[in-house]
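For the sequence shown, the UniProt record's numbering assigns the number 1 to the initial residue and increments by one for each residue that follows.
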Amino acid sequence: MCNTERLPSLDTLPAELLYRLLDLLPCETILISVANVCRRFRSIAHAYDRYDIDLRSISQPNFHTICRSIRPMKVISLTLSDDEKTPGQIGLFLSLFHIKLFRRLRHLTLINIAAEDLMAISKQCQLNSLISFTMDARGQHIISPLKMITRAIALPNLCKLSLTSIGCIFDRISWPTDCLLQNLKIQTCTSQQFLTLLNRLPHLKTFDIAVYEFRSTAACSSTIHRSLTSLTMSIDHTHITSLDSLLLLTPSLVNLKLIINNCDAEFLSQCFSWEEFIQNKLTELQKFEFFFTVCHPRQDSLLDIKRLIDPFRQPFWLEHKHWLVCCEQTKSSKYRTYLYTVPMCISRLKYLKPFRKIFSTVDNLPSNTTCRVSTLVVDLTTRLMSSFFKRDDPNSTTVEFGQVTDLVLFVRGEQIRESMKFVSTLIDISQLQHLSISLYSDIKLDDDPTVYVNTLLKPVRNLRSLAINFCWPCNKYSDNLKSIISMVPRHVHHLQIDVRSVELMKEVFEQIVDLSSVAFRIRGYQRLQSEDILAWLTKRCPGFTFVNTRDAVNVWLGKIKPESNEILSPNKRLKIND
């Protein structure tokens, strides 16, 4: 007898289970893809009330589709951005919605927001359900960011705050007497302001901060802050005694991450004292990560890194805490010493391996040493390329940085054609989403830069964002630019490029019709009139938005109209003769 029992499928699952699945999907997928599968899924998407609307990197047509579909009362998280990929988005969104209508909003993120948009939001800010607020304001305005921050920290349920670019208004912020914030991230402040925040925020548990002015006198405080359990600090320069005196104020730390970009040699040589300090003063510490950098003025001032690593081979580090440490030294054009825990706790790294020697606390480092590095900077000098071809196994297929999604290349020297082979040994090309290339004029004349760019772009199938910087003589600039523009893959949605004329700007739009946004960086001695390209775009791409800065024009595009005497084909633009 044939079994006619119906197998379970997505369209037969209970609605509540489908809602749980929608929690894992981006809003674009739900509103543009899932909702159009069938009538039931459309009904499910309509009834769903936990939308996380993240509009970063979105195309303008999809932006309008989402705005037509969402209902403010069903949104719990909202991210708006005026960065290079979506310039003018926040103002456009505010022309369609009043923020005060999002009464169930719990998370609000505003990226690169202009003062006038911030003022409009602060006037409407009645979001009593908000528990998380992130703000990155552009420009040097004071009043709008100050009002917004003041309103935000007064909200009854706010427990997480992240602020960028607030250095000039920090001391003007009036923190509530018993502020309930538990998580705080601030891009820059002084060590004195750091202590002020600890005193004003008695419930703070997690603190992520970059300190640009660290003075030993600022750490003189007798107040102990036992509520703080997680601290991340990025410091330009400090002495170990100053750092110790500050950490004495936070004895309950469970997680500690320290990134010091410019230590002195004395700081590293005294790191042996960390073991005793942690055992006696930070008794609850479970996770300790650090990345320390020392810049040496000359080669004879380099440290003995074998002696530096020895204290971290003690049982306390290896057996009790299981904290692995590496120490390495570079001897390229600049002399540096690095001391860091494994895996590296930084996301951006400049590649210098051929010029370094490494000592670690174990013979075989784990494979996840570089797993957190998402941005890799590579300067393809002749010396670097030569060291690659002289190594023992230049044909190895094992990549060193398997999680890199953002690659920054500086291309110079005579071996430009081999650089793609070199890059493919460092990263998994299939993972690459963002690529920045700087082409320098010291390339040999018989090397065609366009051949290099074509070789580099061809295998990068998941690339979404491309930036190309030109450092060429003016007489070669225009021709090479036009050739490279024609090679940009169709799957690239965001382009950043140097231009020296309005005509070259138009050339970009004429040749690449699939772009979502373009960032033009103005190069050359003549001042370009951005009004000319904006007037031209008004006819060709109605509905575009833009942000105009001193040396750049950032455009977020709608649908580009072809000229009346042009036909678009999938691969090229055909001209019809009159």
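From the three backbone atoms N, C-alpha and C, an ideal C-beta is built for every residue, glycine too.
If the criterion is Cβ atoms closer than 9 angstroms, does the pair residue i and residue j meet it?
i	j	result
S360	I278	no
L365	V399	no
S122	K147	yes
I224	D208	no
L463	V423	no
D406	L439	no
E84	S517	yes
residue 622	L495	Since the first and last residues shown for the chain are 1 and 578, residue 622 lies out of range.
I235	V211	yes
V488	L466	yes
L246	F292	no
P72	F93	no
T250	F290	no
R180	L198	What sits at residue 180 in the sequence shown is Leu, not Arg. No.
K331	L303	no
I66	D49	no
I429	L409	no
L161	T134	yes
P202	D178	yes
Against chain C, does residue i count as a neighbour if the rule is that its beta carbon must be under 9 angstroms from one of theirs?
i	result
N199	Chain labels in this structure do not include chain C; a single protein chain is all it has.
Taking the DSSP output, what are the residues bridged to residue i?
i	result
C471	Y440
T545	W556
K185	S162 and D208
S357	Checking the sequence, you will find Lys at residue 357 rather than Ser. According to DSSP, which records beta bridges pairwise, K357 is partnered with Q329.
S465	H434 and H494
M135	L110 and L163
K350	V377
R521	D498 and A552
L409	V378 and I437
M233	I209 and L258
T370	None, per the DSSP bridge assignment.
T150	T150 is not bridged to any residue.
I427	F401
Do you know how far the Cα of residue j is from the Cα of residue i?
i	j	result
V362	V325	8 angstroms
L24	I30	10 angstroms
F470	T206	43 angstroms
A15	I44	7 angstroms
R56	S81	6 angstroms
V555	I90	13 angstroms
V377	K100	43 angstroms
A218	L127	Note that A218 scores a pLDDT of 47, beneath 50, so its modelled location is shaky; the value from the coordinates is reported in the next line. Between A218 and L127, the C-alpha separation is close to 36 angstroms.
N280	W317	15 angstroms
E276	H320	13 angstroms
F41	V34	6 angstroms
I468	R138	24 angstroms
L256	L339	16 angstroms
R200	R226	14 angstroms
T12	D54	29 angstroms
D171	Q193	8 angstroms
T381	Q182	47 angstroms
R68	C371	40 angstroms
L445	F544	Unreliable placement is indicated for L445, whose pLDDT of 46 sits below 50; no coordinate value is reported for it.
D551	Q529	11 angstroms
K74	L22	13 angstroms
R490	I32	21 angstroms
V453	I484	7 angstroms
P26	V553	29 angstroms
F97	T86	17 angstroms
For residue i, which of the options has the nearest alpha-carbon?
i	options	result
F267	S252, F170, T283 and H237	H237
L184	W323, C327, A114 and M233	M233
A154	G139, Y212, M73 and I131	I131
I358	V408, I305, K334 and H322	I305
S144	N157, A115, N368 and P459	A115
E284	R523, T229, N261 and T337	T229
Q433	T330, D264, T293 and T375	T375
F520	I113, D514, V547 and V342	V547
V254	T549, K287, L537 and F97	K287
C295	Y335, E328 and R313	Y335
D136	Q124, K458 and D117	D117
V502	K482, N480, Y351 and I533	I533
M344	Q403, I66 and M119	Q403
R500	T190, W323, K482 and T109	K482
I70	T86, A47 and S59	A47
S347	Q124, H322, V373 and N480	V373
Run the proximity test for residue i: is its beta-carbon closer than 8 angstroms to any non-hydrogen atom belonging to the ligand GTP?
i	result
Y338	This structure does not include the ligand GTP; it has no bound ligands of any sort.
List in chain order: all unbroken beta strand (DSSP E) runs of 3+ residues lying wholly within the region 286-343. 287-296, 324-331 and 335-342
Ignoring anything shorter than 4 residues, give me the alpha helix (DSSP H) runs that lie fully in the region 27-108, in order along the chain. 39-47, 60-69 and 89-96
Every unbroken alpha helix (DSSP H) within the region 239-271, with a cutoff of 4 residues, ordered by chain: 240-247 and 265-269
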